[in-house]
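To start, the structure under review is shown below, and the notes come after it.
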Amino acid sequence: MTPATGQLRPIDTAAVPPVLEMRGIAKRFGATQALEDVSLTLRPGEIHALLGENGAGKSTLIKIMTGVYQPDRGEIRLAGKPVTVGSAAEGQIHGIAAIYQEPLLFPDLNVAENIFVSHQNRGAVTNWRQMFREAESILASLGVALDVRSPARGLTLAAQQSVEIAKAISLNVRVLIMDEPTASLSAHEVAQLFRLVRDLRSKGVAILFVSHRMEEVFQIADTVTVFRDGRLISTRPAAEVTPQKAIADMVGREMGLFQRRAAAKKGEKLLAVRGLARAGVFEGVSFDVHRGEVLGFAGLIGAGRTDVGLALFGIEPATSGTIELNGAAHVIRSPRQAMALGIAYVSEDRRQLGLSLPMSISANISLPVLARYLSRLGLIRTGEERATAEAFRKRLSIRTPNVDLAVGKLSGGNQQKVMLSKWLNTRPALLILDEPTRGIDVGAKAEVHAMIGELAAEGIGIILISSDLPEVLAMSDRVLVMREGRQMAILDGDSATSQTVMTAAMGQEMAA
Amino acid sequence: MTLPPILRRWEALLLLMLVVIAGLNIVYSPFYLGVGNIVNLFQLSIEKIIVALMMTLIIINGEIDLSVASVMGLSSCVTAYTFHAGWPMGWALTAGLASGAVAGAINGFWIAYVGLPSLAVTLAGLIGYRGVARILVEDRAYGGFPEWFNQLGQQPLLGPLTFSIIIFLAMFVFMAVVLHRSAAGRLVYVMGNNVQAARYSGVRVKRVKLLLFVASGVVAALAGLLYSARLGSVRGDMAVGFELDVITIVLLGGVSIFGGSGNLLGVGLSILVILNLRNGMGLADITGNTQTSVIGALLILSVLVPNMARGLHSKLQGRET
Chain P
0 MTPATGQLRP IDTAAVPPVL EMRGIAKRFG ATQALEDVSL TLRPGEIHAL
50 LGENGAGKST LIKIMTGVYQ PDRGEIRLAG KPVTVGSAAE GQIHGIAAIY
100 QEPLLFPDLN VAENIFVSHQ NRGAVTNWRQ MFREAESILA SLGVALDVRS
150 PARGLTLAAQ QSVEIAKAIS LNVRVLIMDE PTASLSAHEV AQLFRLVRDL
200 RSKGVAILFV SHRMEEVFQI ADTVTVFRDG RLISTRPAAE VTPQKAIADM
250 VGREMGLFQR RAAAKKGEKL LAVRGLARAG VFEGVSFDVH RGEVLGFAGL
300 IGAGRTDVGL ALFGIEPATS GTIELNGAAH VIRSPRQAMA LGIAYVSEDR
350 RQLGLSLPMS ISANISLPVL ARYLSRLGLI RTGEERATAE AFRKRLSIRT
400 PNVDLAVGKL SGGNQQKVML SKWLNTRPAL LILDEPTRGI DVGAKAEVHA
450 MIGELAAEGI GIILISSDLP EVLAMSDRVL VMREGRQMAI LDGDSATSQT
500 VMTAAMGQEM AA
Chain C
0 MTLPPILRRW EALLLLMLVV IAGLNIVYSP FYLGVGNIVN LFQLSIEKII
50 VALMMTLIII NGEIDLSVAS VMGLSSCVTA YTFHAGWPMG WALTAGLASG
100 AVAGAINGFW IAYVGLPSLA VTLAGLIGYR GVARILVEDR AYGGFPEWFN
150 QLGQQPLLGP LTFSIIIFLA MFVFMAVVLH RSAAGRLVYV MGNNVQAARY
200 SGVRVKRVKL LLFVASGVVA ALAGLLYSAR LGSVRGDMAV GFELDVITIV
250 LLGGVSIFGG SGNLLGVGLS ILVILNLRNG MGLADITGNT QTSVIGALLI
300 LSVLVPNMAR GLHSKLQGRE T
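Going down the list, the protein sequences come from chains P and C. Here the first sequence stands for residues 0 to 511, where the numbers follow numbering that gives the first Met the number 0. Here the second sequence stands for residues 0 to 320, where the numbers follow numbering that gives the first Met the number 0.
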C-alpha cells in the first residue's frame with residue numbers, strides 16, 4: 000500500500016498538491032487482472048496523457064475514477080481526503096466528469112438543455128431565459144459560438160464535444176477525463192478542441208487525456224503515463240519522452256512509428272474514374288488505380304472521401320461520371336453488383352455498418368459470400384465456414400480462443416481484423432479501406448499496415464481512406480486530396496508530404 | 000455463486016417450468032396423460048402455434064406482424080365466399096391462400112420498400128384485412144363445405160394425429176432447419192442484429208423482408224383454412240385477437256422483441272408450456288379469464304427475468320472480487 004509513484008514528476012506542477020490520487024488500485028474481472036497496483040496522481044492545471052494498447056487497463060481505470068466500477072483494492076483520494084466513488088452521479092458531485100469519443104448528447108434537446116441536463120434542479124418551471132443566458136455565458140467563456148436554442152441533432156462532432164465540455168464546466172469540474180475525444184475529429188476541429196483543453200488547464204482543471212494519436216499526445220500533454228497489461232509502466236514529463244520511447248513502453252519493445260511501405264510493382268490499370276459526382280455531395284472526382292497500387296485518400300472529415308467510396312461500392316450510387324473496371328464501363332447501383340465486379344468496401348464504422356456483433360466470427364466472415372458455403376440442399380456447410388475463418392485467424396493473427404466467439408467480445412483491433420477477413424474472403428480486385436486503423440491499438444495498427452503491403456504486393460488495387468496523415472503518407476503510392484466534395488490534387492509519393500497534403504486539404508493554392 | 004452456462008439459458012428455465020406444470024397436471028388429473036387429451040391439447044390451439052412458428056422468424060428479423068389473425072379471417076372468408084359463388088373447393092382454397100400472399104406482399108411492400116415501421120403497417124393490415132373479410136361474408140356464417148374438408152380438420156390421419164398436427168410438426172422441423180441451418184435463416188438473424196451491416200455486405204435486405212412478410216401471410220392464410228376446417232364454418236370475426244396469443248408464445252420462447260436473438264427450440268418449449276398450462280388449468284376447472292391472466296403474468300416474467308438477470312450479472316461483474 001505504499002504510494003508507488005516512484006517515477007519522475009512533472010516539474011512545473013510538482014509543487015501543487017494533487018487533486019486526485021489513485022493509490023495501489025487493483026481490479027480483477029474473472030480470470031483477467033485488469034489493473035494491478037496502479038498509482039496515478041493528477042494535479043490541478045495538468046494535462047495528463049494516458050497511453051496504452053487496447054486492453055492495457057486505461058478504460059478500467061477511467062471507469063473506477065468515474066464510479067462505474069469499484070476497485071478491489073487501493074484507495075482514491077480527492078484533495079487529500081480518501082473518498083469512495085459509488086456511481087457516476089457521485090463522481091459528478093466530486094467534480095469528476097468524463098467525455099467520450101462519441102458525445103452522449105440528447106439529439107432532440109437544445110444545446111442549453113444538454114449543458115444542464117444532469118443538474119436541471121430549477122424548480123417546477125424551467126426559467127428558460129436564465130438557462131439560455133447561463134449556457135451562453137459558459138460557451139462564451141470557452142470562445143465557442145453556438146446557438147444555445149438549436150437542438151443538438153445536426154451539430155458537428157466537434158460542436159458536440161464543445162457542448163460536453165460546457166456541461167463539465169457547468170458542473171464545476173475539477174477532474175476532466177477525455178477518452179479518445181479526437182478519434183472522430185478532423186485536424187481543424189482537433190486544434191479547436193485543444194484550445195478549449197488548454198483553456199481549462201489554465202483554469203486549474205486536471206485533465207486526463209486518452210488518445211491513440213501519438214502526435215496529439217505530445218502536442219498537448221504535460222505528463223505522459225504508459226500502461227501495459229494492467230500495470231503502470233512509466234509516468235514522465237512529456238518533455239522527457241519521445242513517441243518512440245512511449246511506444247516502446249506500450250508494446251514492451253522498440254518499434255518504428257510508421258514504416259514506409261516499399262512501393263510495389265505497379266500492374267496494369269484496374270480502375271479508371273472520370274468526373275464522378277453525386278449531386279450535392281461530391282463532384283469532379285477523377286483518378287486511376289493500378290493493380291498493386293495503394294491510392295491514399297486524404298482530407299478533413301466531411302471532405303467527401305467516404306462518399307466516393309460508397310459510390311464505388313454502390314451503397315449511394317454516383318449520379319454522373321464514369322467508372323471503368325479493367326477497361327469496361329459499369330454503372331454501379333448496388334453493393335451486390337460492386338462485389339460481383341470485384342470491389343470490396345471495408346467501412347469506417349465497424350460497429351454500425353461493418354459487423355454483426357452478437358454473431359460469431361465465422362458467420363461474419365462468410366456473410367458477403369454465403370452462397371459459396373451452401374450445400375446442394377441450400378444448407379450452410381458450417382465446417383467449411385469455420386475452416387475459412389480459421390485460415391484468416393492464422394493469416395491475420397486474430398486473437399480469439401475460437402472462431403465461434405461473438406465478434407462483439409473481441410477487442411477493437413481484432414474486430415477490425417475480422418472485418419478485413421470478411422472482405423478479403425470475397426477475393427476482391429479492388430479493396431477500399433475506410434479508416435482501417437481508427438481506434439485500434441499500436442500493435443494491431445502495425446499488423447493492418449503490414450497486411451495492406453502484402454495485399455498490394457499480391458496485385459490488389461487499394462484505396463486507403465484515412466484521416467491519419469502519417470498513415471496515408473507511409474502507406475500510399477499516390478495521395479488524392481479532397482476538400483468539401485472536390486478533388487484538390489493527386490500527389491505522387493515523393494511530392495506527397497504532410498505539408499503539401501495539408502495545404503491541399505485546407506484549400507490553399509497549390510503551386511502547379 | 001454463478002450458474003453453469005447451460006442453466007443460465009432461458010430454454011432451461013422453460014424446460015423447468017414445463018416439468019413442473021406437467022408434474023402438477025399428472026398429480027391432479029387422471030385424464031392428463033391420455034393420448035386423447037394430449038392430442039386435444041395441441042388441436043385446440045393448433046392454428047396459433049402454426050402461426051407462431053412463422054412469427055418467430057419475423058420477430059427475429061426485427062419486425063412484427065400484427066395482421067396475422069386478420070389474414071386468417073381473410074383467407075377463410077375468401078375461400079367461403081368463392082366456394083359459395085360456385086368455385087370448386089380446390090380453387091376456393093387456392094384463392095384463400097393467395098389472398099394471404101397478397102396481404103403479406105402489401106405489408107412487405109410498405110415495410111421493405113417504403114421503409115415504414117412494421118408495427119404501424121401491420122396494425123393497418125389488422126384493421127384493413129379484417130374489414131375485407133367482413134365485407135365478403137357480412138354477418139352470415141358460411142358452412143356446407145365438402146365432407147372431406149371438414150374431416151381434414153377433425154379426423155385423425157396418421158395414428159392419433161390430425162392433418163393440422165402433422166402440418167405443425169412438419170413445419171416445426173422445416174422452420175428449424177431454415178432458421179438454424181440455411182442461408183435464409185442466417186440472413187434473418189443478421190438483419191435482425193444489424194440491418195445496415197447486412198446491407199453493406201451485399202444482402203438484398205428489401206427482398207428478404209418482402210419475402211418474409213409474404214411467407215407470413217401465406218402461413219397465416221393456411222392456419223385460417225385449417226381453422227375453418229376444424230370449425231366446419233366460417234364467419235367474419237374468426238380468429239379475432241389471435242395475434243396476441245401468437246406473439247405471447249414467441250416472446251415467452253425467449254425471442255427478443257428487438258430482433259436478432261432467439262431460437263425455435265425456445266419457441267417449441269414455450270408452446271408446450273402454454274398449452275400444458277392452459278390444459279392443466281382447464282382440467283382443474285379454472286376459468287378462461289384466469290388462465291389468460293396467468294399467461295399474461297408469465298409473459299411479463301419472460302421479458303423481466305432475462306433483463307433483470309443481465310442487470311444483476313453486470314452488477315456482479317462490476318463489484319465481484
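The beta carbon of each residue, even a glycine, is placed where N, CA and C say it ideally should be.
| Asked | Found |
| --- | --- |
| Leu115 (chain C) versus Gly107 (chain C): straight-line alpha-carbon distance, rounded | 10 Å |
| Neighbourhood of Leu224 (chain C) by C-beta distance below 8 Å, restricted to the same chain and skipping five residues each side | Ser74, Ser75, Thr78, Leu92, Gly95, Leu96 |
| C-beta neighbour in chain C for Pro514 (chain P), strict 7 Å | With chain P running from 0 to 511 in the structure shown, residue 514 (chain P) is simply not present. |
| Residue from P:Gly353, P:Ile63, P:Leu199, P:Ala182 whose Cα sits closest to the Cα of Lys421 (chain P) | P:Gly353 |
| Cβ contact (3+ pairs, closer than 8 Å) linking the region 474-482 of chain P and the region 283-295 of chain P | yes |
| Alpha-carbon spacing of Gly85 (chain P) relative to Ala96 (chain P), whole angstroms | 14 Å |
| 7 Å Cβ cutoff, Gly353 (chain P) in contact with chain C | yes |
| Cβ of Val189 (chain C) within 7 Å of any chain P Cβ | yes |
| Cβ-based neighbour list, Val316 (chain P), same chain, cut-off 7 Å, excluding 5 preceding and 5 following | Looking at the sequence provided, one finds Pro at residue 316 (chain P) rather than Val. So the qualifying residues of the chain are Ala310, Ile331, Arg332. |
| Euclidean distance between Cα positions of Ala102 (chain C) and Gly152 (chain C) | 24 Å |
| Option in C:Met174, C:Leu125, C:Arg206 with minimal Cα separation from Asn262 (chain C) | C:Met174 |
| In DSSP terms, what Phe281 (chain P) is bridged to | P:Arg277 |
| Neighbour flag for Arg180 (chain C) against chain P, beta carbons, 7 Å | yes |
| Cα-Cα separation, Leu19 (chain P) to Lys80 (chain P) | 9 Å |
| Contact with chain C by Leu369 (chain P), beta-carbon distance below 7 Å | yes |
| Interface flag, Met0 (chain P) vs chain C, CB-CB below 7 Å | With a pLDDT of only 39 at Met0 (chain P), under 50, the local geometry of the prediction cannot be trusted, and the value read off the model is given with reservation. So no, Met0 (chain P) is outside the interface. |
| Chain-ordered chain C contacts of Ser346 (chain P) [CB-CB under 7 Å] | Tyr199 |
| Test: Asn192 (chain C) CB closer than 7 Å to a CB of chain P | yes |
| Integer-rounded CB distance, given that Leu104 (chain P) should sit under 8 Å from Gln191 (chain P) | Between Leu104 (chain P) and Gln191 (chain P) the Cβ distance is about 17 Å, and since that is not below 8 Å, they are no contact. |
| Completely contained alpha helix (DSSP H) runs for the region 85-119 of chain C, where each covers 4 or more residues | 88-107 |
| Closest by C-alpha distance to Arg148 (chain P), when choosing among P:Gly407, P:Leu108, P:Gln415 | P:Leu108 |
| Buried or exposed by the 16-neighbour rule on C-beta atoms within 10 Å, applied to Asn424 (chain P) | buried |
| Counted within 10 angstroms of its Cβ, other Cβ atoms place Met307 (chain C) as buried (16 or more) or exposed | exposed |
| Beta carbon proximity, Gln195 (chain C) to chain P, threshold 7 Å | yes |
| Cβ neighbour criterion (16 or more within 10 Å) applied to Pro180 (chain P) | buried |
| Residues bridged to Asn109 (chain P) [DSSP beta-bridge criterion] | P:Pro150 |
| Residue closest to Ala33 (chain P), alpha-carbon to alpha-carbon, out of P:Gly56, P:Val288, P:Gly23 | P:Gly56 |
| Which of helix, strand or coil DSSP assigns to Glu315 (chain P) | coil |
| Of the residues P:Gly442, P:Gln415, P:Val172, the one placed nearest Gly355 (chain P), counting alpha carbons only | As written in the sequence, residue 355 (chain P) is Ser, which differs from the Gly given in the question. Per the Cα distances, P:Gln415. |
| Interface partners of Gly353 (chain C) on chain P, CB under 7 Å | Examination of residue 353 (chain C) is not possible in this model, given that chain C is present from 0 through 320 alone. |
| Coil, strand or helix - Glu264 (chain P) by DSSP | In the sequence as displayed, the identity of residue 264 (chain P) is Lys instead of Glu. Lys264 (chain P): coil per DSSP, three-state reduction. |
| C-alpha distance - Gly35 (chain C) paired with Leu160 (chain C), whole-angstrom precision | 10 Å |
| Cutoff 7 Å: Met338 (chain P) Cβ touching any chain C Cβ | yes |
| Residues near Gly313 (chain P) in its chain [Cβ-Cβ closer than 6 Å; skip 5 each side] | Ile331, Arg332, Ser333, Pro334, Gln336, Ala337 |
| Test: Pro70 (chain P) CB closer than 7 Å to a CB of chain C | no |
| Outcome for Leu178 (chain C) when other beta-carbon atoms lying within 10 angstroms are tallied against a minimum of 16 | buried |
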